[in-house]
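Since the structure comes first, as structure tokens, the remarks are kept for the end.
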Ligand code: DOR
Ligand code: ZN
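Residue numbers (my numbering): 394 to 754.
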């Protein structure tokens, strides 16, 4: 069976470039996006120079305009000791505000609950907020959502306990959405023995009970979005003295979800909902006309590092066989990936500038 997914949209990637071009460039990583079946993505602000002021934002925008092969939007980052003075000016140029509330790659950590409160208060209502929040921090952020009633997307939820907290927030009627990542759906901390540093990311891999809870939450509709959290680092950095956290994911996510369908824990209709319909609705970006990706569920492939277009050249899934092959990608009536070649030139991707007002479910 060939699944036709309307214009897959990844709301959570780290494409690097600029000061971290050695890890990847917008040219290389948007080629990876198209190869993996994605027509659009939203880039995170933690790559230096961090996207936390209008100068850095303009620099990144210029780079994307000349380099991106697929459509793109940019997250603005909250920064110490508070950068609220920029919010009004940048809100229409970005897809939303990202707040890092636990430690990860980069230096955008905000640990002070009062500063978090001031940041959320200052961000314009109606524009999305996305948070990196793990375990108890999920509760800290929920308190602020309860207070401000502003929409917050919880990125890369990875444990049964976090799901429980968010399920009750949903029941309470709080405006929250939930994203999960393919590595937390397919790997556990047991895989660290084989993967070594290639299995390190934030949030970390968890127990198989957590993975199973995520799978179940995906099927039942509690989880809204699958996001790759594509975060390439060089092999040297992964095997260095202090291993870098993060794994690439743009080229493996849709085939892995094909495997989930094959294994019977994901319905094909849910797959399209999780990687296109829901993220587009939540973050406000309409489906472009004549745009779809063909995912062949009747064919298997063996993931192999040598096939990757991502500049880093490795994947934690290398060596795994999955039922699902991206056959072609069409964007606005033009074939941009034919199953072998990326046909879109750098700069041909469009900025996602017009954000629809959010329609809260
Ligand atoms: O593992 C991660 N890597 N988690 C993040 O939140 C950031 C990312 C990165 O940028 O490397
Ligand atoms: Zn991330």
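Backbone N, C-alpha and C fix where the C-beta goes; we use that ideal spot for every residue, glycine too. Owing to the predicted nature of the structure, the values given are computational and were not obtained by experimental measurement.
- Rounded to the nearest angstrom, the gap between the Cα atoms of residue 705 and residue 565 is 43 angstroms.
- For residue 684 against residue 724, the beta-carbon gap comes to about 5 angstroms, under 8 angstroms, which counts as contact.
- Taken atom to atom, the span from the alpha-carbon of residue 472 to that of residue 655 is near 43 angstroms.
- In this structure, the CA atom of residue 531 is about 34 angstroms from the CA atom of residue 696.
- Between the alpha carbons of residue 674 and residue 634 lies a gap of roughly 42 angstroms.
- Non-local beta-carbon contacts of residue 446 in its own chain, meaning distances under 7 angstroms to residues more than five positions away in sequence, involve 476 and 479 in chain order.
- Set against 7 angstroms, the gap from the CB of residue 599 to the closest heavy atom of ligand 1 is not smaller.
- Taking 7 angstroms as the cut-off, the C-beta of residue 633 does not count as close to any heavy atom of ligand 1.
- Set against 7 angstroms, the gap from the CB of residue 595 to the closest heavy atom of ligand 1 is smaller.
- Of the candidates 720, 746 and 439, the residue whose Cα lies closest to the Cα of residue 428 is 720.
- Taking the Cα positions, residue 396 is about 26 angstroms away from residue 699.
- By the CB criterion at 8 angstroms, residue 425 and residue 643 fall inside the cutoff.
- With fewer than 16 other CB atoms across the displayed protein chains lying within 10 angstroms of its CB, residue 602 is exposed.
- Per DSSP, reduced to three states, the secondary structure at residue 523 is strand.
- Screening all residues for a C-beta within a distance smaller than 6 angstroms of any heavy atom in ligand 2 leaves 405, 407, 437, 622 and 624, in chain order.
- DSSP assignment within the stretch 404 to 450 yields the following whole alpha helix (DSSP H) runs of 4 residues or more, N-terminal first: 419 to 428.
- Rounded to whole angstroms, the gap between the alpha carbons of residue 534 and residue 506 is 8 angstroms.
- Within the same chain, 658, 659, 660 and 663 come within 8 angstroms of residue 612 by CB-CB distance, once the 5 residues on both sides are set aside.
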